[in-house]
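Report on one structure; see the data block that follows.
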Amino acid sequence: MSLVFQSLVLGVLMGGLYALLAAGLTLYFGVMRVVMIAHSAFLVLAAYLAWTFTVHTGLDPMLSLLVTVPLFFVLGVAVQRLLVARLRPATLTMMSVLLTFAVALAVEGALGFVFTGTHRRIPLSYSGARLELFGASVALVKLIAFGLAAVTLVGLHVLLKVTRFGQALRATMQHREAARLLGVDTDRVAGFGFGLGLATAAVGGTALALDSTIYPSLHWHWIGPLMAIIVVGGLGSVAGAAIAALLLGVGQNLLQIPLGTTWAQTFFYAALFVTLILRPQGFFGGRLAQRF
Amino acid sequence: MRSASEKVVKSVGLIVLVAFVVVFPGIASDPFVLSVGVVIISYAVLATAWNFVGGFTGYISLGHAAYSGLGGYATGLLILRAEVNPWVALLLGGVVVAVLAVPVGIAALRVRGASFVIVSIALVLVLLLVFQSWESVTGGSDGLRVPRPFGPEVLRPEQHQRFFYLHAALLAVMLLCWWAIDRSRFGMGLKGIREDEDKARSLGVPTVRYKLAAFVVSAFFTALGGGLYALWFGFLDPIFQFSILVGSNMVLMSLLGGVRSLFGPLVGAVVVGYATEFFKAQYGDTQMHLVAMGVLLAAVVLFLPDGIIPAVRGLVARLRPKQASIREVTQEELAEEVRR
Numbered sequence: 000m001s002l003v004f005q006s007l008v009l010g011v012l013m014g015g016l017y018a019l020l021a022a023g024l025t026l027y028f029g030v031m032r033v034v035m036i037a038h039s040a041f042l043v044l045a046a047y048l049a050w051t052f053t054v055h056t057g058l059d060p061m062l063s064l065l066v067t068v069p070l071f072f073v074l075g076v077a078v079q080r081l082l083v084a085r086l087r088p089a090t091l092t093m094m095s096v097l098l099t100f101a102v103a104l105a106v107e108g109a110l111g112f113v114f115t116g117t118h119r120r121i122p123l124s125y126s127g128a129r130l131e132l133f134g135a136s137v138a139l140v141k142l143i144a145f146g147l148a149a150v151t152l153v154g155l156h157v158l159l160k161v162t163r164f165g166q167a168l169r170a171t172m173q174h175r176e177a178a179r180l181l182g183v184d185t186d187r188v189a190g191f192g193f194g195l196g197l198a199t200a201a202v203g204g205t206a207l208a209l210d211s212t213i214y215p216s217l218h219w220h221w222i223g224p225l226m227a228i229i230v231v232g233g234l235g236s237v238a239g240a241a242i243a244a245l246l247l248g249v250g251q252n253l254l255q256i257p258l259g260t261t262w263a264q265t266f267f268y269a270a271l272f273v274t275l276i277l278r279p280q281g282f283f284g285g286r287l288a289q290r291f
Numbered sequence: 000m001r002s003a004s005e006k007v008v009k010s011v012g013l014i015v016l017v018a019f020v021v022v023f024p025g026i027a028s029d030p031f032v033l034s035v036g037v038v039i040i041s042y043a044v045l046a047t048a049w050n051f052v053g054g055f056t057g058y059i060s061l062g063h064a065a066y067s068g069l070g071g072y073a074t075g076l077l078i079l080r081a082e083v084n085p086w087v088a089l090l091l092g093g094v095v096v097a098v099l100a101v102p103v104g105i106a107a108l109r110v111r112g113a114s115f116v117i118v119s120i121a122l123v124l125v126l127l128l129v130f131q132s133w134e135s136v137t138g139g140s141d142g143l144r145v146p147r148p149f150g151p152e153v154l155r156p157e158q159h160q161r162f163f164y165l166h167a168a169l170l171a172v173m174l175l176c177w178w179a180i181d182r183s184r185f186g187m188g189l190k191g192i193r194e195d196e197d198k199a200r201s202l203g204v205p206t207v208r209y210k211l212a213a214f215v216v217s218a219f220f221t222a223l224g225g226g227l228y229a230l231w232f233g234f235l236d237p238i239f240q241f242s243i244l245v246g247s248n249m250v251l252m253s254l255l256g257g258v259r260s261l262f263g264p265l266v267g268a269v270v271v272g273y274a275t276e277f278f279k280a281q282y283g284d285t286q287m288h289l290v291a292m293g294v295l296l297a298a299v300v301l302f303l304p305d306g307i308i309p310a311v312r313g314l315v316a317r318l319r320p321k322q323a324s325i326r327e328v329t330q331e332e333l334a335e336e337v338r339r
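Residue numbers (numbering that gives the first Met the number 0), protein chains in the order written: chain A, 0 to 291; chain B, 0 to 339.
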């Protein structure tokens, strides 16, 4: 029983991180109808930057966020402006997948070239610390990662719901032409949307680097589950993606007890295929998902 | 006038191509060059097989490595575990994969655009997991040694030569099929799906069945390509068989050559395959080849989305005297078409 509860807690913590990353993917999809395959490659890039930062300065990896978040924001705007916006609208969805896939390959190759394929792990003084949480023993780093994800998600939510920019962003996501008619500079907003999405990858990557070993091809292990999450949740729905992330994260962790880590990973793909057979538009998605 | 000169150019080109394929193993200076030739023609087989679904329907699958890998493993396992004759195993493997592709196609083709690409990637990732973990059957991460179909008296260079011709024969069959579909009603329907699926459907094209048929044909040929490669290479490792890179190579080659042209994937395979081998020989196996491939793919997507063949054709058309009519076919040609 306690093993199940333990897995449940770990699943929720894992799901929080998944939700943050899926939120980034949803943002790109919302503003440009683009599925960003390179998202998890940037995630690994952020993890490597955090590792480099800690190894060279000896400071806490979370301080690297002060650099990586703005940097990734600018990178995201650049990716949207210089690459995605240049594609023909007629074939945008398909070609953008290929384009961001190409970006992912380039990032992975560059990481392998600079950092070599050696597995790296950030040395942390508190990496062994554990906390008792409702009777489950949880590693402190997992809690911190969840906390980072939660804070970022709440911040994102507030930004989207309260600020003027958030309104413009949501308007662009809902109906681009209408937003433009109302005076929203949709190109600019789309660029910032991309920047925000990539900034979440910076946070996610740092959170990831806290408690796992990183290597250049790690992003393939993330892109599959993330894609499954946004399809199950319904493309373009932030809340749907968050619910799906939590459910799948918990499901994966529970299945690890009888099946082991590798086979539990297939749960994501099973969920993906079942969703496509039963409800191709996703279980929690809105109107947006219909066409894709 | 124009069609006549084009016909001459085309038939001359075809004869040159066939002649080159026939004499290549004879003029290849050493076994290494010959083996590179086999690798490139194997790429061409896979890319052309990919183009049955990518080119006709516009559904871009990044996960065709799933079918080439399954084809390779099906062939290898049938030989090893069921002791089937290698050539029968190759064909049977293709059939098995085609049957497997039916449920996968039904699920994957329900969604369009981005979701379809996601599903195709997911398929490769899940197969990689399965083939690595299921050690009792697949040999797991240690790989699977596939016995050679020819006896020990056939030496290495001779092997390369035979496999080069086998690949060429398969490629010829596939090109013939593609050409036949291209001018059939079925092909017309598929191309309708590519241009506008909803309109094609409202005009009475049975889109679901057509897409599925193209998908299964593509999976079958991809599996044959994978199986033939397995017989030639003699060793299967899940990491390389179910690799996203293999699938993206097929896409890159087809896009680079031109997905709407019969010989597009072949042209792309020769360019990319030669470049890859050249790169490996010059700089060794560093991670830079990933970067190079990423940059190349991005450049093709951004600047040459229709491929080399249409770009060259456009260039030729620009150098030609301007046509009087804005139609692609002249009135006379149209009248002749009707009369025929």
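Think of the CB as a built atom: it goes at the ideal place given N, C-alpha and C, for glycine as much as any other residue.
Checklist entry - Any Cβ of chain B within less than 8 Å of the Cβ of L181/A? => result no
Checklist entry - Using CA coordinates, which residue listed in I242/A, F100/A and L247/A is at the minimum distance from F283/A? => result I242/A
Next on the checklist: Just checking: is the beta-carbon of W50/A within a distance shorter than 8 Å of some beta-carbon in chain B?
Outcome noted: no
Item to check | Bounding residues of the alpha helix (DSSP H) (the contiguous stretch that carries V150/A) | outcome: L139 to V161
Checklist entry - Between S344/B and P309/B, is the Cβ-Cβ spacing less than 8 Å? => result Residue 344/B is absent from the structure shown; chain B starts at 0 and stops at 339.
Checklist entry - Which one of A113/B, F31/B and S217/B has the shortest CA to CA distance from V172/B? => result S217/B
Checklist entry - Under 7 Å Cβ-Cβ, which residues of chain A neighbour G191/B? => result Correct list: empty, because the minimum Cβ distance to chain A is about 15 Å.
Item to check | G12/B - DSSP class collapsed to helix/strand/coil | outcome: If DSSP states are grouped into helix, strand and coil, G12/B belongs with the helices.
Checklist entry - The alpha helix (DSSP H) spanning E196/B covers which residue range? => result E196 to S201
Checklist entry - Rounded to a whole number of angstroms, what is the C-alpha to C-alpha distance between F185/B and L170/B? => result Each residue's alpha carbon lies about 21 Å from the other.
Checklist entry - Would you call the CB atoms of A45/A and F72/A closer than 8 Å? => result Here A45/A is not near F72/A, since their CB atoms are 8 Å or more apart.
Checklist entry - In the structure shown, what three-state DSSP assignment does L58/A receive? => result coil
Checklist entry - Any chance the region 2-18 of chain A sits against the region 242-262 of chain A, with 3 or more Cβ pairs inside 8 Å? => result yes
Checklist entry - In this structure, what does DSSP give as the bridge partners for L207/A? => result Paired residues: none, contrary to the question.
Checklist entry - Would you say the region 104-124 of chain B touches the region 221-241 of chain A, given that touching needs at least three Cβ pairs under 8 Å? => result yes
Checklist entry - Where DSSP assigns a beta bridge to I229/A, which residues make up the other side? => result Paired residue(s): none; I229/A is not in a bridge.
Checklist entry - What residues from chain A crowd round S132/B, counting only those whose CB sits closer than 8 Å? => result T261 and W262
Item to check | Where the beta strand (DSSP E) through L130/A begins and ends | outcome: R129 to L132
Next on the checklist: Whether or not the region 100-120 of chain A and the region 34-41 of chain A are in contact is what I'm after, with contact meaning three or more pairs of Cβ atoms, one per stretch, closer than 8 Å; do they touch?
Outcome noted: yes
Item to check | Helix, strand or coil at A73/B [DSSP, three-state] | outcome: helix
Item to check | Same chain only: Cβ atoms within 8 Å of P60/A, ignoring 5 sequence neighbours per side | outcome: A49, W50, F52, T53, I121, L123, T205, A208 and L209
Item to check | Start and end residues, alpha helix (DSSP H) containing T265/A | outcome: In the DSSP assignment, T265/A falls within the alpha helix (DSSP H) that extends over T260 to L277.
Item to check | Top-ranked residue by Cα proximity to Q131/B, from Q280/A, L195/A and T265/A | outcome: T265/A
Item to check | Classification of Y47/A by the beta-carbon crowding that lies within 10 angstroms, buried from 16 upward | outcome: buried
Checklist entry - Since F282/A is in the alpha helix (DSSP H), which residue starts that stretch and which ends it? => result No alpha helix (DSSP H) holds F282/A; DSSP gives it neither H nor E.
Next on the checklist: So, at 7 Å on beta carbons, what are the nonlocal neighbours of G71/B in its own chain, with the 5 sequence-adjacent residues on each side left out?
Outcome noted: G225, G226, Y228, A229, L235 and Q240
Checklist entry - Taking all protein chains shown into account, do 16 or more other C-beta atoms lie within 10 angstroms of the C-beta of G68/B, making it buried, or fewer, making it exposed? => result buried
Item to check | Residue nearest to R87/A in terms of C-alpha spacing, selected from E107/A, Y268/A, A128/A and R32/A | outcome: Here the closest residue by C-alpha is R32/A.
Next on the checklist: By alpha-carbon positions, which one of F302/B, R312/B, Q286/B and A213/B ends up nearest to I59/B?
Outcome noted: A213/B
Checklist entry - Name the chain B residues whose beta carbon is nearer than 9 Å to that of V34/A? => result G112, A113, S114, V116 and I117
Checklist entry - Okay, do the region 298-309 of chain B and the region 76-86 of chain A touch, 3+ Cβ pairs below 8 Å being the bar? => result yes
Item to check | Selection from A238/A, A240/A and S216/A that minimises the alpha carbon distance to T117/A | outcome: S216/A
Next on the checklist: Taking 8 Å as the threshold (beta carbon to beta carbon), is V125/B in contact with chain A?
Outcome noted: True, the Cβ-Cβ gap to chain A drops below 8 Å.
Item to check | Residues in the region 165-197 of chain A having any Cβ partner in chain B nearer than 9 Å | outcome: none
Next on the checklist: Using only CA atoms, which one of R169/A, G29/A and H218/A lies nearest to G111/A?
Outcome noted: H218/A
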